[in-house]
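Heads up: the sequence lines are chains Y and P, in that order. Per my numbering, the first sequence starts with residue 11, numbered consecutively. Per my numbering, the second sequence starts with residue 11, numbered consecutively. We put the CB at the ideal spot given by N, CA and C, even for glycine. The structure presented is a predicted model; accordingly, all values stated were derived computationally and were not measured. Reading through the structure tokens given below for one structure.
2 protein chains.
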Amino acid sequence: MVNVIAVASHAGVSPATVSRVLAGRVPVAAATRARVLQSVEQLGYRPNETARSLRAGRGRAVALVTGDIEQGLYAGLAKHVQGEIEGLGLDLLLFNLGHREDRLQHFLERAPSLGLRGIVLASPHVMDMAQLAPAMRAVMRSGVTVLSVSQDLSSFDIASIVHDETGGAAMATEHLLDQDRAPVGFLGRIETSAVGRARFDGYRTALEARGIEVDPDLVWDISKGYRADAGYQAASRAIDTGLRFRSVLAASDELALGGMAAAADRGLAVPQDIAFVGFGGLGWGVFARPAMTTVSLDAYAMALAVGEVFRSGSLPHRQIIPTKLVIRRSSC
Amino acid sequence: MVNVIAVASHAGVSPATVSRVLAGRVPVAAATRARVLQSVEQLGYRPNETARSLRAGRGRAVALVTGDIEQGLYAGLAKHVQGEIEGLGLDLLLFNLGHREDRLQHFLERAPSLGLRGIVLASPHVMDMAQLAPAMRAVMRSGVTVLSVSQDLSSFDIASIVHDETGGAAMATEHLLDQDRAPVGFLGRIETSAVGRARFDGYRTALEARGIEVDPDLVWDISKGYRADAGYQAASRAIDTGLRFRSVLAASDELALGGMAAAADRGLAVPQDIAFVGFGGLGWGVFARPAMTTVSLDAYAMALAVGEVFRSGSLPHRQIIPTKLVIRRSSC
DNA sequence: AACCCCTATGAAATCGTTCTCATACAGCCG
DNA sequence: CGGCTGTATGAGAACGATTTCATAGGGGTT
């Protein structure tokens with residue numbers, strides 16, 4: 011491997027001068043600079059990133075910790091966050107929890123020794139902060155920027171970038187009520203997910219604002235995560251047990267798709283018999299049939315906000331990304 | 011930051027001994043070992059990964075380079091590859107090209123100086139190997155394991171793990187012919203994608219095996235990547251121009267979904283008027299209505315193969331992952 | 001008792017870069 | 001002509017871990 015010493019001796023200068031030329035900081039004689047640059051070019055020298063990191067005290071990587079990168083918003087988030095991070099000349103380390111929190115604990119313990127620039131936590135799951143707090147604090151103390159995306163941890167003094175999940179769910183619920191679609195069911199409550207609870211809160215708030223009490227029979231819990239099969243099963247059970255409802259707000263697009271399939275299999279027309287609203291705004295929603303009304307989340311906006319944090323170096327306490335309701339055939 | 015010197019002086023030994031204890035290699039007196047371990051515990055010492063990497067000459071990261079991590083197979087691939095890599099005690103660096111090849115060039119040039127353990131190339135796009143070869147070779151010379159996943163680059167002496175795309179497409183085409191669904195259209199040929207060409211080859215091979223010539227009018231090119239809107243547009247145009255076909259093999263599930271939506275919007279019944287087969291085996295396909303027949307790809311199997319490469323250290327020349335046809339309502 | 005071997009440990013070099021401090025030399029002023 | 005200022009550069013330390021080489025003893029053999 012060609013190193014700074016090789017370049018220096020090739021150019022007939024000291025390593026210090028090579029370093030100076032490449033950093034472009036201190037004044038170097040024009041002739042010397044040219045000679046060094048030529049040697050760099052000629053030998054194809056690239057500074058060793060590891061040595062730089064060691065010397066600098068920290069590296070150039072930001073870790074993205076996802077709950078399940080395969081699902082919903084998170085693939086898009088990974089894509090756009092990577093783009094932002096790369097734009098800043100940093101690298102993205104990906105860590106996928108896959109519904110196992112002990113791995114987060116483990117990762118946090120390892121984090122300070124990795125020389126990370128930052129950690130972007132992008133998991134919707136409620137975390138046991140009592141257990142996580144010590145590791146978290148150790149990480150932050152070691153100069154790592156910690157950021158929670160999608161879950162609001164601002165009450166634990168962790169900068170958070172979150173969607174207005176509650177507002178979005180409320181908007182969707184109001185939309186269904188406006189269409190005279192009461193009773194409205196809620197498909198896919200997950201109690202162990204902060205994001206899931208926020209969505210349910212929006213549903214409840216909107217109902218109560220119109221003097222409607224939440225009917226526990228019309229709230230269908232799931233445990234497995236926001237997947238289509240869970241939506242299919244929960245909706246099938248609801249329909250088969252003869253519950254009366256004229257619309258469904260699903261906690262994710264995948265759940266809504268499963269729910270719509272269940273309705274179709276039972277000869278119920280969407281939206282005539284049951285209207286559906288999904289959550290997430292995934293690309294294929296517009297090509298489901300009927301096209302799916304959905305609360306649209308903005309992975310790109312989140313990624314931009316993440317990029318801005320690392321660009322400016324200043325942490326927001328809590329930044330809220332608006333959601334918007336995209337109305338399509340499944341609810342009209 | 012607590013380092014090996016701090017631990018050493020706390021335990022009353024030299025840094026060398028601390029290192030020995032942690033490596034567990036050379037014999038260390040039991041009493042000394044216990045004392046060192048206690049100090050490690052007490053001070054919460056974690057070896058600095060950057061310093062280790064510098065000393066060792068390479069780090070513990072593997073880079074995953076995707077074309078578009080948001081699409082089709084690749085989110086699942088990222089998830090499972092991350093799991094495998096983590097299981098080996100390594101970290102995953104994510105690099106998403108987003109349809110811009112010059113960034114790959116750039117990344118390859120930077121790669122040797124990052125001390126990477128390996129690079130897993132997971133992009134379906136044809137690459138200009140003439141341009142890429144020098145950087146590629148430089149990377150491999152510097153001791154980095156290079157691996158192409160999903161695109162066959164074995165002819166360039168790059169170890170490749172690929173799906174049997176051609177076989178899958180042939181199977182799907184035969185299935186449609188067996189159902190007496192000729193003429194069969196091909197939705198979404200991409201000439202600039204090696205994977206896309208392999209899928210088209212399977213289609214053509216299967217037709218020719220039955221003495222049917224490919225009808226160029228029934229092959230619909232797209233340029234934008236395997237997205238549902240491209241499928242919708244291409245299928246709409248095909249139907250509106252009055253082409254005669256009774257089934258469609260799509261180059262991806264997303265394209266098939268768009269195509270099915272286009273058919274539905276024109277009052278055509280799936281599968282009665284037009285049968286559809288998708289490609290990819292994405293989770294939601296079973297909940298499309300009608301449920302989608304698809305050629306199923308196995309991201310997990312690919313990830314396992316990737317893991318095996320780094321576990322064993324030996325590169326396959328070319329490893330082929332079988333595909334299978336999952337038959338559902340959209341084609342029966 | 002002298003010698004040797006083996007175990008347990010420490011001192012110091014090393015990885016490649018950056019940065020601080022020191023120095024050499026040129027030019028300028030008194 | 002001596003001393004001062006300032007620019008251009010080099011020598012060497014530092015980052016934190018690993019590893020080679022050297023050495024101090026303890027125990028065994030002759």
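* Would you say W294(Y) reaches chain P, if we count a Cβ-Cβ gap shorter than 8 Å as a contact? -> yes
* Asked: With C-beta atoms as the reference, is R43(Y) less than 8 Å away from V31(Y)?
  -> yes
* Min CB distance P57(P) to chain Y below 8 Å -> yes
* Using 8 Å as the limit for Cβ to Cβ distance, is G22(Y) near chain P? -> no
* Asked: Of the residues V305(P), R45(P), V50(P), which one's Cα is nearest the Cα of H185(P)?
  -> V305(P)
* To do: Measure the CB-CB distance between I200(P) and I222(P) and report whether it falls below 8 Å.
  => no
* **Endpoints, the beta strand (DSSP E) within which K334(P) is located** => 334-336
* Closest Cβ-Cβ distance between S306(P) and chain Y: below 8 Å? -> no
* Counterpart residues of R328(P) in DSSP-defined beta bridges -> S170(P)
* Which class does L314(P) belong to by DSSP, given the choice of helix, strand or coil? -> helix
* Taking the C-alpha atoms as reference points, what is the distance between T76(Y) and L107(Y)? -> 6 Å
* Asked: By a C-beta neighbour count over all protein chains shown, 10 Å radius and 16 as the cutoff for buried, is H109(P) buried or exposed?
  -> exposed
* **Boundaries of the beta strand (DSSP E) in which G108(Y) is found, first to last residue** => Segment: none, G108(Y) is in no beta strand (DSSP E) and carries neither H nor E.
* **Spatially closest choice to I191(Y) from R147(Y), S160(Y), P281(Y), by CA coordinates** => In the sequence as presented, Ile is not what sits at residue 191(Y); that position holds Arg. Residue P281(Y) is the option with its Cα nearest to R191(Y).
* To do: Please classify F196(Y): does DSSP put it in a helix, a strand, or coil?
  => strand
* Looking only at its own chain, which residues have a Cβ that is under 7 Å from the Cβ of D239(Y), when we skip the five neighbours before and after it? -> G268
* Asked: For I284(P), is the classification buried or exposed, using 16 other Cβ atoms within 10 angstroms of its Cβ as the cut-off for buried?
  -> buried
* Please work out which residues of its chain come closer than 7 Å, Cβ to Cβ, to V224(Y), disregarding the five sequence neighbours upstream and downstream, and give them in chain order. => R214, L217
* Does the beta carbon of V159(P) fall short of 7 Å from some heavy atom of the ligand MG? -> Ligands in the displayed structure: none, and consequently the ligand MG is not present.
* Asked: When the cut-off is 8 Å and only beta carbons count, does N13(P) lie next to chain Y?
  -> no
* Cβ-based contacts, 9 Å cut-off: residues of the region 227-252 of chain P near chain Y -> R237, A238, D239, G241, Y242
* R276(P) CB to nearest chain Y CB: under 8 Å? -> no
* **Distance between F166(P) and L118(P) (C-alpha atoms, nearest Å)** => 16 Å
* In chain order, which alpha helix (DSSP H) runs of at least 4 residues are fully inside the region 187-254 of chain P? -> 204-219, 238-250
* Have a look at S123(P), R35(P), V229(P), A261(P) and flag the residue whose alpha-carbon is nearest the alpha-carbon of T60(Y). => S123(P)
* Asked: Shorter than 8 Å from the beta carbon of I79(Y) to some beta carbon of chain P?
  -> yes
* Would you kindly check if the distance between the Cβ of L157(Y) and the Cβ of V316(Y) is under 8 Å? => yes
* So, using beta-carbon positions, are E175(P) and V130(P) closer together than 8 Å? -> no
* Asked: Under 8 Å between C-beta atoms, does P37(Y) make it to chain P?
  -> no
* If we ignore side chains and look at the alpha-carbon of each, how far apart do G69(P) and V149(Y) end up? -> 21 Å
* Asked: For D275(Y), which of helix, strand or coil comes out of DSSP?
  -> helix
* Between P25(P) and chain Y, is there a C-beta pair that is closer than 8 Å? -> no
* Contacts that L102(Y) makes with chain P (C-beta to C-beta distance below 9 Å) -> L103, L104, F105, N106
* Specify the secondary structure class of S262(Y) as computed by DSSP and reduced to three states. => coil
* To do: Using a Cβ-Cβ cut-off of less than 9 Å, list which residues of the region 146-161 of chain Y approach chain P; keep chain order.
  => A148, S152
* Are the C-beta of L47(Y) and some C-beta of chain P separated by less than 8 Å? -> no
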